[in-house]
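Structure, as structure tokens:
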Amino acid sequence: MIRHASLLLGLTLAAIAATAAYAAGPDLGAVQQSSTNWPAIGMFLFFVLATLGITYKAAKGTKSAADFYAAGGGISAGTNALAIAGDYMSAASFLGISGLVYTSGFDGLIYSTGFLVGWPIVLFLIAERLRNLGKFTFADVASFRLDQTAIRIISATGTLVVVAFYLIAQMVGAGKLIQLLFGLPYLYAVIIVGVLMIVYVAFGGMKATTWVQVIKACLLLGGATFMAGAVLYFYGFNPEILFKKAVEVHPKGEAIMAPGGLVSNPIEAISLGVGLMFGTAGLPHILMRFFTVSDAQAARKSVFYATGLIGYFYILTFIIGFGGIALLMSDPSYFKLGAAGTFDKLKDMVGGTNMVAVNLANAVGGPYFLGFISAVAFATILAVVAGLTLAGASAVSHDLYAQVFARGRTSEAAEVRLSKIAAVVIGIVAIVLGYIFENQNVAFMVGLAFSVAASCNFPVLAMSILWRGTTTWGALAGGLVGLVAAVTMVVLSKAVWVTTFGHPAALFPYDNPALFSMPLAFATIFVVSLMDRSRRAQRERAAFEAQYVRSETGIGAAGAHAH
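Residue numbering for the sequence shown is -23 to -1, 1 to 540, as defined by mature numbering (1 follows the signal peptide of the UniProt record, and there is no 0).
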């Protein structure tokens, strides 16, 4: 049975990889390998050794499925909040958003806002109910009163699609970043990330993954706080002077203080916001974190604390972006100079605009702080890919193998063993895909991951918890329609259809489909559920009362497995 499930995992990821490869996009532009950065490598090795020590300790304490998937349910609210923040604050957030603020000013905050405002939705709609109803994965919750087989298949498919696209983007980003920051060849970088994430997940499970994320969150918040503080110190802790200087040196002038510089179409802006907001509530590696605490109150507290940490972090990225404008734009040493010593402030930065935060670290703290931030950026990627790998492995072993194929007739040991095999397979596939996609444009893949999470995972989860009328056929049809619609709309958008495939015009006018694909999923669940008159549908509607009581009170919920 394990062999069949492993084969299924391989086929699923191969199919996703084939789709992604077809829609990959043009050359990103060669990243020039820098000279070896020994301070950064030294600091990163220290981080790796510390986390491997934690993994060794976690492996000795991981004895059951509950330990492996949910750290025994014994993580405190504060620790879980830091782990959620560590899981969510990716390199794309740290480097990407500061880069967007650097090029577009105020409008670069649209991503920060979208990422952040998803958390109140998680807090008020999902966190408590998820902890009361579930055990290890969000499919446990979605299938609580619905058909196990159908709902777990659609949930696991949504999980694996999100994990695959997110993972490809992270692996390519890791390779490029390390090539630039550490002076290591791209292939070595991808292999190092892949091997470490396999070790963290396969040996340490959720305990090791949690502590990797906690350490990374502390390092990232500490580094970003110092950098933002140093920028403000340069301008007497007066943001007004910082913004005035930024307006003076930026090619766009006062336009950087106004909206519309990055996303000028209002429908595009709303669709992007919807995808980021509701996608957060459907990301499988984030939802898994609510099963690691002892009860619903701790789940609620951890989201509350995490929201504060993440909001604080996004304020820092805003200051870092404007600091980059004010301190770097007038310094030619951070740019590739033309024949006459001229340079384009927006296009010629060494390493590209995603390196604004890294170059700023050098400007405010010298080579050792640059090494620290470089190591933190690498650690950031490691923490995120570890969470993604664990979510993917859990979908294969817990949802597909244990509940669909074995129909619950399997031992915990066999399930955990398969999960470890799945983690190894996902890691190897991630290394291979990371290498294949080295020179491809993968920027749209994170957006696609959020769109699928918002259009497939979130509607199925929300409707199964909140609406009495939801039936298996409705959830299955809605999840499938949302998944297919999101992927199709992204493929037909300008980012893929025109830029990648070379067609003269896009068949779908917007790059972000969530505004259209998510309501389509909700409407399909609603209509198909209303039309479902089967006996099973009647039983599922009747079972809502018991589900509602448990989701609101926690009576009968799985308690902490170990403290």
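Beta carbons: idealized from backbone N, C-alpha and C, even for Gly.
- Item | Cβ-Cβ distance between Phe499 and Met440 below 8 Å | yes
- Query: Hey, quick one: how far does the alpha helix (DSSP H) through Ile74 stretch, first residue to last?
  - Reply: Premise fails: Ile74 is in no alpha helix (DSSP H) and is neither H nor E.
- Inspect the beta-carbon positions of Thr187 and Ala48 and report whether they are closer than 8 Å. yes
- Looking only at C-alpha atoms, which of Gly424, Gly95, Thr387, Tyr291 sits nearest to Met254? Gly95
- Message: Between which residues of its own chain and Gly6 is the CB-CB distance below 6 Å, once the five residues before and five after are set aside?
- Response: Because the pLDDT of Gly6 is 37, which lies under 50, any placement of that residue in the model is unreliable, and the number read from its coordinates should be weighed accordingly. Cβ neighbours of Gly6 beyond the five flanking positions: none.
- Message: If you measure between the beta carbons of Gly456 and Val140, is that distance less than 8 Å?
- Response: no
- Contact between the region 273 to 289 and the region 62 to 72: three or more CB pairs below 8 Å? yes
- Pick from Ala146, Phe159, Asp44, Val99 that is closest to Val335, judged by C-alpha positions: Phe159
- Item | Outcome for Glu231 when other beta-carbon atoms lying within 10 angstroms are tallied against a minimum of 16 | exposed
- Between the Cα of residue 545 and those of Thr114, Leu110, Phe23, spot the shortest distance and give me the residue it belongs to. It is not possible to answer for residue 545, since the shown part of the chain is limited to -23 through 540.
- Item | Best match in Ala390, Leu260, Met332, Gly91 for proximity to Val429 [C-alpha to C-alpha] | Leu260
- Would you kindly work out how many angstroms separate the C-alpha atoms of Gly135 and Gln380, rounded to a whole number? 16 Å
- Residue of Ile130, Ile131, Gly301, Leu110 minimising C-alpha distance to Phe121: Leu110
- Query: Which runs of the beta strand (DSSP E), 3 residues or longer, sit entirely within the region 100 to 178?
  - Reply: none
- Query: Are the CB atoms of Ala258 and Leu102 nearer to each other than 8 Å?
  - Reply: yes
- DSSP puts Met326 in a beta bridge; with which residues? Phe312
- Item | Endpoints, the alpha helix (DSSP H) within which Ala400 is located | 389 to 413
- Message: Tell me the rounded alpha-carbon separation between Val473 and Arg386.
- Response: 44 Å
- Task: Helix, strand or coil for Ala239, going by three-state DSSP, please let me know.
- Result: Going by the sequence as given, residue 239 is Leu instead of Ala. Leu239 falls in the coil class under three-state DSSP.
- Message: Three Cβ pairs or more, each shorter than 8 Å: is that satisfied between the region 467 to 485 and the region 512 to 520?
- Response: no
- Mind reading off the beta-carbon distance from Ala36 to Phe180? Whole number of angstroms is fine, and I expect it under 8 Å. 4 Å
- Which residue's Cα is closest to the Cα of Ala363: Gly51, Ser528, Tyr210, Met265? Met265
- Message: Rounding to the nearest angstrom, what Cα-Cα distance links Ser371 and Arg129 in this structure?
- Response: 12 Å
- Three-state secondary structure assigned by DSSP to Arg512: helix
- Task: Quick one: grab the DSSP three-state call for Ala520.
- Result: coil
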